[in-house]
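When you read off a place in the sequence shown, starting at 1, and then add 201, the result is the number in the numbering used here. Report on the structure given below.
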Amino acid sequence: MSAIHLDNRLVHYEVFGRGQPIIFLHSWLGSWRYWVPTMDLASERYRAYALDFWGYGESDRRGTQFTISGYVDMLNRFMDQMGIPQANLVGHGMGGMVAIRAAREKPERFTKVMTVCTPLYGQVLSGHIRPGTFSKLLGRSQPANVWAKLIRSIPIADAEVQKELYEDTEGLSEEVLSSVQESLLDTDLRPTLATLAVPLLAVYGGKDTIVTDEHALFLNDPSDRPTQLITLPRANHFPFLEQSNTFSRLLLDFLVSQGSPVEIKEEWRRRVNQREYL
202 MSAIHLDNRL VHYEVFGRGQ PIIFLHSWLG SWRYWVPTMD LASERYRAYA
252 LDFWGYGESD RRGTQFTISG YVDMLNRFMD QMGIPQANLV GHGMGGMVAI
302 RAAREKPERF TKVMTVCTPL YGQVLSGHIR PGTFSKLLGR SQPANVWAKL
352 IRSIPIADAE VQKELYEDTE GLSEEVLSSV QESLLDTDLR PTLATLAVPL
402 LAVYGGKDTI VTDEHALFLN DPSDRPTQLI TLPRANHFPF LEQSNTFSRL
452 LLDFLVSQGS PVEIKEEWRR RVNQREYL
């Protein structure tokens with residue numbers, strides 16, 4: 202386990218590989234651990250970092266900075282202390298919101314941003330995270346709830362990663378989730394995206410019932426924004442676990458792209474499991 206301290210609060214992180222830095226940011230459920238398959242592949246060419254936000258995983262659970270802005274500050278200070286002057290960002294859900302906000306505030310620090318199933322304005326989630334519903338979402342009062350069903354339906358090949366995802370979800374506190382919920386619902390990234398200068402690739406799952414791609418279609422509108430949206434038709438809310446090879450290839454293509462749009466290539470369709478596309 203690797204860790205640093207910021208204001209006497211422990212920040213847990215892990216790092217694989219060597220090369221240009223990539224920092225992976227997890228969502229409002231889970232922890233750094235679900236990035237392991239993607240980090241393994243990316244580490245062949247890049248130095249892949251993943252950290253636990255405060256309140257999650259092995260990071261400190263004391264304090265009150267369980268918000269999007271608090272996590273943006275945490276990310277920047279993590280980079281300062283680790284001596285990372287510039288990095289690519291990959292963020293899932295809430296982590297994508299943090300990535301976009303950080304890149305808008307300090308574009309010189311971030312080369313490219315990839316978001317995954319990220320709500321571009323919090324009200325997209327209002328039907329799922331109404332006040333008082335997090336205990337239900339975590340299965341404490343209703344085991345057959347939307348999050349439990351979703352997480353347990355994901356076809357994760359690695360049984361250990363699947364087990365860890367369940368454990369991390371069940372270990373979250375109501376206090377952290379309540380604070381995160383309020384911050385998510387209050388966040389609107391559309392004004393931020395209007396002036397974003399860092400290249401952004403937003404990936405969504407065509408079968409995701411939590412964060413659908415419909416609200417983000419404007420990213421592909423003709424404009425001066427360096428943004429692109431790609432939907433993986435057969436994926437749900439965790440594309441990097443459900444279609445890890447396809448997702449990782451898409452990520453690597455995006456990182457080496459020189460401003461031209463990226464796409465799912467035909468040879469990927471022939472080489473990966475057919476059920477992802479048929």
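Yeah, the Cβ is synthetic: ideal placement off N, Cα and C, and Gly gets one too.
Residue pairing of Ile431 in beta bridges, as defined by DSSP: Val404.
Annotation: Gly220 is outside any beta strand (DSSP E) and is labelled neither H nor E by DSSP.
Listed in chain order, the beta strand (DSSP E) elements of length 3 or more contained wholly in the stretch 241-314 are 247-252, 288-293. DSSP places Val381 in the helix class (H, G or I) of the three-state scheme. For Ser424, there is no enclosing beta strand (DSSP E), as DSSP gives it neither H nor E.
Here DSSP, grouped into helix, strand and coil, assigns Asp414 to helix. Residue pairing of Leu207 in beta bridges, as defined by DSSP: Arg210.
Taking 8 Å as the cut-off, the beta carbon of Thr316 is found no closer than this to the beta carbon of Ala251. The continuous alpha helix (DSSP H) containing Asn446 extends over residues 445-457.
The beta-bridge partner set that DSSP reports for Tyr322 consists of Asp389.
When the alpha-carbon of Ala243 is set against those of Arg219, Ser379, Lys466, Trp255, the nearest one is in Arg219. A straight-line Cα-Cα distance of about 5 Å links Phe311 and Gln287. Annotation: Glu464 is outside any alpha helix (DSSP H) and is labelled neither H nor E by DSSP. Where Tyr367 is concerned, the enclosing alpha helix (DSSP H) starts and stops at 360-371. In the same chain as Pro427, and ignoring 5 residues on each side of it, the C-beta atoms closer than 8 Å to its own belong to Leu397, Ala398, Val399, Pro400, Leu401, Gly460, in chain order. In the DSSP assignment, Thr316 forms a beta bridge with Gly292, Ala403. Nearest to Tyr272 by alpha-carbon distance, out of Met283, Ala249, Ile431, Gly297, is Gly297. By the Cβ neighbour-count rule, Pro440 is buried, with 16 or more other Cβ atoms within 10 Å of its own.
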